[in-house]
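Below is one structure, written out as structure tokens; the observations come after it.
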Amino acid sequence: MGQGLRLGRLLGFEIRLDPSWFLALALVTWTLAAGFFPTAYPDWDRPLYWLAGLLAALLLFGSVLAHELAHATVARARGLPVHGITLFIFGGVAQLRAEAASAADEFAIAIVGPATSLVLALICWLLRQAVAEGGVGAAILTYLALINVALALFNLLPGFPLDGGRVLRALLWGATGSFRRATLTAATVGQGLAFLLIGLGVLRVLSGDVLGGLWTAFIGWFLYGAADQSKRQVTVEAGLRGVPVRGLMDPQPETVSPDLSLEDLVFEYFLGRGRRAFPVLQDGRLVGIISLTDVKPIPPSQWARRRVAEVMTRAPLWTVRPQDDLAEALRLLAEHDIHQLLVVDDDRLLGLLDRADLLRFLQFQNELGVADHPRRRRWPG
Numbered sequence: 000m001g002q003g004l005r006l007g008r009l010l011g012f013e014i015r016l017d018p019s020w021f022l023a024l025a026l027v028t029w030t031l032a033a034g035f036f037p038t039a040y041p042d043w044d045r046p047l048y049w050l051a052g053l054l055a056a057l058l059l060f061g062s063v064l065a066h067e068l069a070h071a072t073v074a075r076a077r078g079l080p081v082h083g084i085t086l087f088i089f090g091g092v093a094q095l096r097a098e099a100a101s102a103a104d105e106f107a108i109a110i111v112g113p114a115t116s117l118v119l120a121l122i123c124w125l126l127r128q129a130v131a132e133g134g135v136g137a138a139i140l141t142y143l144a145l146i147n148v149a150l151a152l153f154n155l156l157p158g159f160p161l162d163g164g165r166v167l168r169a170l171l172w173g174a175t176g177s178f179r180r181a182t183l184t185a186a187t188v189g190q191g192l193a194f195l196l197i198g199l200g201v202l203r204v205l206s207g208d209v210l211g212g213l214w215t216a217f218i219g220w221f222l223y224g225a226a227d228q229s230k231r232q233v234t235v236e237a238g239l240r241g242v243p244v245r246g247l248m249d250p251q252p253e254t255v256s257p258d259l260s261l262e263d264l265v266f267e268y269f270l271g272r273g274r275r276a277f278p279v280l281q282d283g284r285l286v287g288i289i290s291l292t293d294v295k296p297i298p299p300s301q302w303a304r305r306r307v308a309e310v311m312t313r314a315p316l317w318t319v320r321p322q323d324d325l326a327e328a329l330r331l332l333a334e335h336d337i338h339q340l341l342v343v344d345d346d347r348l349l350g351l352l353d354r355a356d357l358l359r360f361l362q363f364q365n366e367l368g369v370a371d372h373p374r375r376r377r378w379p380g
């Protein structure tokens, strides 16, 4: 979810708006302007309802942003790289590039979000006491106080990937010492919670609250998908953890010159060798990587006169070391949507790791049932 409209940076974090956020803004504004404020303040003029609804909706998402900034700030303080923060239809997400290193880190990162929402609720309630009764300011502050309490309580529900589910995972992780078992348990609880929300949504639809019911069911559906993805991810990563990159890399990858024509590259290397990417070396020095993705936009009529140096990827070059974990390599491949990683040490090219080889390793390992075999834990010998 790293795409969308880039707003800029705040506290060092890149802030983005997913396209679905605009739908959420419209829905929240409409709900407030057509329901919440007219019910609580029936004497206002109609334009005032829409003004208050829009302002309150924007401030609500400001509260969500503060919630996610708290997660991101604590994660960064605990040594975790943070890609950025994205606001979307169901709220926001701080995109961490790695999992917490310990149960204590996981707990601290998770709990700070709901704590921030409760602090915001208290601030809004205190400010509410200082403004005139019945005005727009009082109405918006009342709503923000209530909604931040609701956000905190909902996020504290013990179902992964909600903050409460992450707190549960941290507690189970600390008690059992197994990150995998803790994640699977918390995600299973999260799936149960998701089913309850979907069921509640159906009941609300049947009782006549169609919009509220659909929204509740969609939240449940989203939580179920996120929990299921977490279970799959932790299972995959457990199958790769402890296996060094050197075990799967091609230690003698074929390389190409930056002066090679694209026509020769296509017919002699892509088609001739059956590989989709090749490191580019100049005088023995790694200067880039060339892949099918780089060549496909170039019309075949230009291949004979265009050179590898013109279209190759120079930077950033995503690399790993031979001793790095395959689980970390998989995260890099997925995060950057790439198919290969260059294996380097002190800027020297030592090999090439291909995503297809990594996935094939996982497939064979699962088919043979050797993920927990004693020799697997020592592999490669």
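Reading the sequence shown from the start, the letters are residues 0 to 380 in numbering that gives the first Met the number 0. Ideal Cβ positions, reconstructed from N, Cα and C, are used throughout, including at glycine. What you are looking at is a predicted structure, and each value in this text was computed from that prediction instead of being measured.
Range of the contiguous beta strand (DSSP E) that encloses residue i
i	result
Ile84	Val81 to Phe87
Gln190	Premise fails: Gln190 lies in the alpha helix (DSSP H), Phe178 to Leu205, not in any beta strand (DSSP E).
Leu4	Leu4 to Leu9
Phe12	Phe12 to Leu16
Val92	Gly90 to Leu95
Residue i in three-state terms, based on DSSP
i	result
Thr312	strand
Ser256	coil
Pro379	coil
Asp344	strand
Val286	strand
Phe159	coil
Pro321	coil
Glu132	coil
Gly350	strand
Gln339	strand
Arg240	coil
Arg77	coil
Arg305	coil
Asp249	strand
Lys230	helix
Ala333	helix
Gly273	coil
Asp356	helix
Val369	coil
Glu327	helix
Asp208	coil
Glu267	helix
Glu67	helix
Gly1	For Gly1, the pLDDT reaches just 49, beneath the cut-off of 50, and the residue's location in the model is therefore unreliable, leaving the point undetermined.
Ile139	helix
Ala99	coil
Residue i - containing alpha helix (DSSP H), residue span
i	result
Leu121	Ala102 to Arg127
Ala276	Per DSSP, Ala276 belongs to no alpha helix (DSSP H); it is in the beta strand (DSSP E), Ala276 to Gln281.
Leu291	Leu291 to Val294
Close Cβ partners of residue i (< 8 Å) along its chain, the five nearest in sequence each way excluded
i	result
Arg306	Pro257, Asp258, Leu259, Ser260 and Leu261
Gly238	Leu361, Gln364, Asn365 and Ala370
Leu202	Gly212
Leu143	Ala55, Leu58, Leu59, Ser62, Leu119, Ala120 and Cys123
Gln281	Ser256 and Pro257
Arg272	Glu253
Local Cβ density within 10 Å of residue i, reported as buried at 16 or more and exposed below that
i	result
Gly189	buried
His415	With the chain represented from 0 up to 380, any question about residue 415 goes unanswered, as that position is not in the structure.
Gly52	buried
Gln112	According to the sequence as given, residue 112 is Gly; it is not Gln. So Gly112 counts as buried.
Lys230	buried
Val255	buried
Ala86	Before going further, note that residue 86 is Leu rather than Ala in the sequence given. Buried, by the Cβ-count rule.
Leu152	exposed
Thr175	exposed
Val233	buried
Phe106	buried
Phe266	exposed
Ala76	exposed
Arg165	buried
Arg168	buried
C-beta neighbour in chain D for residue i, strict 9 Å
i	result
Gly287	In the structure shown, chain D does not exist; there is a single protein chain.
Neighbourhood of residue i by C-beta, 6 Å cutoff - its chain only, sequence neighbours within 5 removed
i	result
Glu236	Ala326
Leu9	none
His66	Gly112, Thr115 and Ser116
Asp353	Gln339
Leu348	Pro278 and Leu285
Ile197	Ala216 and Gly219
Phe178	Trp172
Gln322	Pro243
Leu332	Arg354
Ala308	Pro257
Beta-carbon contacts of residue i that lie in its chain and below 7 Å, excluding the five residues immediately before and after
i	result
Phe35	Tyr142
Gly246	Trp378 and Pro379
Trp7	According to the sequence provided, residue 7 is Gly. The question's Trp does not apply to it. Around Gly7: Ile14.
Leu95	Ala74, Leu79 and Val81
Ala303	Ser260 and Glu262
Leu183	Lys230 and Val233
Any alpha helix (DSSP H) of 4 or more consecutive residues that is wholly inside the stretch 13–55 | 19–30 and 36–39
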